[in-house]
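What follows is a set of notes on a single structure, which appears directly below.
In the working numbering, the protein residues as written are 678 to 933.
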């Protein structure tokens, strides 16, 4: 009898802790990465570089990289100033597109000032606001989108602003930008509803004029989309634990 009760309890417990698996939580629609960097100095050169990559429906890793160096010389031809702006990015997805990571590295600039000759300008957007990363998907089931973020700085943080999180659904996005120091970390979370298409993006609008600075930042973002259990699944969960509790109580009463 005791053995039968034990087996029954284990069977019920096993039923209650089993998690339903979903064939697909989302249907990927499209994604792209974009970067534009530029550097310019008065009396010198202006350099700009753009890199972009995209896919539509077929999941695949994305990567972008760009670097632009501007130089200035005095009347004798001697180099007086060098400004280099750089940035790289990479994005990956888990199977089915319900999770993934976005990594940004070396976003920033390096300035070498031999003899100040006037204003300098560096930027990662060139005055045009375009997402550095964007992902669109359709939700198959009700659930929740969560993104962990961590932005770190090496060198002078001033002017490096950071990334803003854009979200097309309920609750809107989150501004992480801080021109003084973009260092930050946390979790961004929003609900998703079955049958709705969502777009999430990461946009950097870093630019600074009239300054010679050296500083770079990195951004790490990891997202997941999880389903919300149906009401009947909660009921089964509670019922299962109730039955286990009843059998344990019954066993104690019999042993008294």
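Glycine included, every Cβ here is placed at the ideal spot set by N, Cα and C.
_The beta strand (DSSP E) enclosing residue 847, as first and last residue numbers_ = Your numbering for residue 847 matches position 170 in the chain shown. From DSSP, residue 847 is part of no beta strand (DSSP E); its letter is neither H nor E.
*Using the beta-carbon count (16 or more within 10 Å), is residue 705 buried or exposed?*
Within the chain shown, numbered from 1, the residue matching residue 705 stands at position 28. Looking at its Cβ environment, which holds 16 or more other Cβ atoms inside 10 Å, residue 705 is buried.
*Do the segment 860-870 and the segment 741-760 meet, that is, are 3 or more Cβ pairs less than 8 Å apart?*
As far as the Cβ criterion goes, the segment 860-870 does not touch the segment 741-760, which means the pair count is below three.
*Which word fits residue 788, buried or exposed, when buried means at least 16 other C-beta atoms lie within 10 angstroms of its C-beta?*
Here residue 788 refers to the residue found at position 111 when the chain shown is read from its first residue. Its Cβ being crowded by 16 or more others within 10 Å, residue 788 is buried.
*Roughly how many angstroms lie between the CA atoms of residue 735 and residue 711, to the nearest whole one?*
As a position in the chain shown, residue 735 is number 58, starting the count at 1. As a position in the chain shown, residue 711 is number 34, starting the count at 1. If you take the alpha carbons of residue 735 and residue 711, they lie about 18 Å apart.
*asked:* Let me check understanding here. Comparing Cα to Cα, which of 841, 897, 871, 902 lies closest to residue 880?
replied: The residue you call residue 880 lines up with position 203 of the chain shown. Residue 841 is the option with its Cα nearest to residue 880.
*Local Cβ density within 10 Å of residue 898, reported as buried at 16 or more and exposed below that*: Within the chain shown, residue 898 is the residue found at index 221, counting from 1. By the 10 Å Cβ count, residue 898 comes out buried.
*Pairwise C-alpha distance: residue 876 and residue 811*: Counting from 1 along the chain shown, the entry for residue 811 is found at position 134. Counting from 1 along the chain shown, the entry for residue 876 is found at position 199. One C-alpha to the other measures close to 7 Å.
*residue 744 and residue 721: beta carbons closer than 7 Å?*
As a first step, residue 744 is located in the chain shown; it is residue number 67 there, counting from the start. As a first step, residue 721 is located in the chain shown; it is residue number 44 there, counting from the start. Remark: C-beta atoms of residue 744 and residue 721 do not approach each other more closely than 7 Å.
*So what's residue 896 in DSSP terms, helix, strand or just coil?*
In the chain shown, the residue the question calls residue 896 occupies position 219. In this structure, residue 896 counts as strand in the three-state DSSP scheme.
*Taking C-alpha atoms, which residue in 848, 741, 850 lies nearest to residue 708?*
Within the chain shown, numbered from 1, the residue matching residue 708 stands at position 31. Residue 708 has its Cα closest to that of 741, out of 848, 741, 850.
*asked:* Helix, strand or coil for residue 836? Go by DSSP, reduced to three states.
replied: Start at 1 with the first residue of the chain shown, and residue 836 comes out as number 159. Coil.
*Please report how far the alpha carbon of residue 878 lies from the alpha carbon of residue 900, in whole angstroms.*
Numbered from 1 along the chain shown, position 201 holds the residue referred to as residue 878. Numbered from 1 along the chain shown, position 223 holds the residue referred to as residue 900. The straight-line gap from Cα to Cα measures roughly 11 Å.
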